Amino acid sequence: MTVQVKFKIHTEKEVKVDQGNSMKVATQGRKGAATSMVRHNLVESKMFNQGNILELVKCLFGKSLHNFKGMCGDICEEYKPGMHHLVLSSPIAPCLIWMGQVGSEKITLVDSLTWQAFVDLLSKATKHKGLVIIFTENKKEKAKKVAQNCAAKELIASASGTTAAEAQMGVLSKELEKSGMATRKIPPQTYEYLAIMKKSCVYHKATSVNDRVKMRSAQMQAKALPDEAKKIKIEPARGMHPALAAHLLSEAMEWANVLKGKVEALPDKDALESHLESNQISSSPEF
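In case it helps, UniProt numbering puts the sequence shown at residues 1 to 287.
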């Protein structure tokens, strides 16, 4: 069995190389072209051995995938010293993809089953000849595949009747209904509506600390005494929702009226003293 070994590896580290082959031509009135720096992060088998492909000639029956990778590492070492470590033991080794090909059939070698399928294809081939490519996916190609997968999922979801965004909104509305918070069925001026509006309140950049204190102490101001409540002018703080401000003002006025009625219902000081004196006279013993 004959297996050609090739590799095309994109590394994370980039190396700047000066293009020394560019010729500098200087004429009168013109300057020579500046040398350009090129960044390289690709290690490819055709860069070595004058572009010739090295082959592994071995009977693969009874061999494991681990043994096969070790033999391929030795072939890579023949391309360039240090490639055995790069392919098998370096930090980038777990990210490498081992692709086996026999004719038009391609198999990604990941476990014993795929390895056995690759050996079976080699044994059935006329010349018992195959190819193994060790490579990494390019970042641009990987991002392109991810975008294509996302687009395919959206198209499938839209064809089935609901998109992913609509499904997410449906889940969110169910969570809101379970929690009892504001939904489309809850009218304004209710506790749930005001609670959700309070959570969604956004402070303006010009809002000072005093304004925020006013917003938080609006209910405390509403519970003040009637005499003090007359002196306090309650105004909606900046950044507060109009519905929440109106609700707080109405509560403040109701509390002020209730406290005022309780104070007016109390008896005067003179009437209270006369009432106490009459009770003392009636309760005194007669001799």
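For each residue, glycine too, the CB sits at the ideal point set by N, CA and C. What you are looking at is a predicted structure, and each value in this text was computed from that prediction instead of being measured.
Do VAL3 and VAL110 have their CB atoms nearer than 8 angstroms? Against a cut-off of 8 angstroms, the Cβ pair of VAL110 and VAL3 comes out as no contact.
Compare the Cα-Cα distances from SER112 to each of HIS66, GLU12, ALA195 and LEU54 and report the closest residue. For SER112, the closest of HIS66, GLU12, ALA195 and LEU54 by C-alpha to C-alpha distance is HIS66.
Taking only three categories from DSSP, how would you classify GLY130? Shown here, GLY130 sits in a strand according to DSSP, grouped into three states.
Starting from the C-beta of GLU55, find all residues in its chain whose C-beta is less than 6 angstroms away, skip the five residues before and the five after it, and write them out in chain order. Here the set comprises THR2 and GLN4.
Residues of its chain near LYS231, where Cβ-Cβ distance is below 6 angstroms and the 5 sequence neighbours each way are ignored: Any reading at LYS231 must be qualified, since the residue scores a pLDDT of 47, below 50, and its modelled position is unreliable; the value itself is stated next. Contacts found: none.
GLY73 versus LYS153: straight-line alpha-carbon distance, rounded: Distance between the alpha carbons of GLY73 and LYS153 is about 39 angstroms.
Starting from THR136, trace the beta strand (DSSP E) in both directions and tell me its first and last residue. Segment: none, THR136 is in no beta strand (DSSP E) and carries neither H nor E.
Once the 5 residues before and after GLY62 are set aside, which same chain residues still bring their CB inside 6 angstroms of it? There are no such residues.
Run through DSSP, which three-state label would ILE92 get? ILE92 falls in the coil class under three-state DSSP.
Along the chain, which unbroken stretches of the beta strand (DSSP E) at least 3 residues long are found entirely within the region 39-98? Listed in chain order, the beta strand (DSSP E) runs fully inside the region 39-98 are 54-57, counting runs of at least 3 residues.
Please report the distance separating the alpha-carbon of SER89 from that of LYS58. Inter-residue distance for SER89 and LYS58 is about 23 angstroms (C-alpha atoms, whole angstroms).
Across the region 124-144 and the region 91-102, are there enough close Cβ pairs to call them in contact, namely three or more that are closer than 8 angstroms? Touching, yes, given that three or more Cβ pairs across the two stretches are closer than 8 angstroms.
The alpha helix (DSSP H) that contains VAL110, what's its start and end? Note, VAL110: premise wrong, no alpha helix (DSSP H); not H, not E.
Using a threshold of 8 angstroms, state whether the C-beta atoms of GLY106 and SER45 are closer than that. With the sequence shown as reference, residue 106 is identified as Lys, and Gly is not the correct amino acid for it. For LYS106 and SER45, no; Cβs fall outside 8 angstroms.
MET47 classed as buried or exposed, judged by whether at least 16 other C-beta atoms fall within 10 angstroms: MET47 counts as exposed, since fewer than 16 other C-beta atoms from the protein chains shown sit within 10 angstroms of its C-beta.
According to DSSP, which residues form a beta bridge with PHE7? Answer by DSSP bridge pairing, in chain order: ILE134.
Just tell me which of PHE118, CYS150, LYS139 and GLU137 has its CA closest to the CA of LYS129. Ranking PHE118, CYS150, LYS139 and GLU137 by Cα distance to LYS129 puts PHE118 first.
When burial is assigned at 16 or more other CB atoms within 10 Å of the CB, is ILE9 buried or exposed? Result: buried.
Report buried or exposed for CYS150, applying the criterion of at least 16 other Cβ atoms within 10 angstroms of its Cβ. By the neighbour-count rule (16 or more Cβ atoms within 10 Å), CYS150 is not buried but exposed.
ILE53, buried or exposed, once every other Cβ within 10 Å from all chains shown has been counted against 16: That one is exposed.
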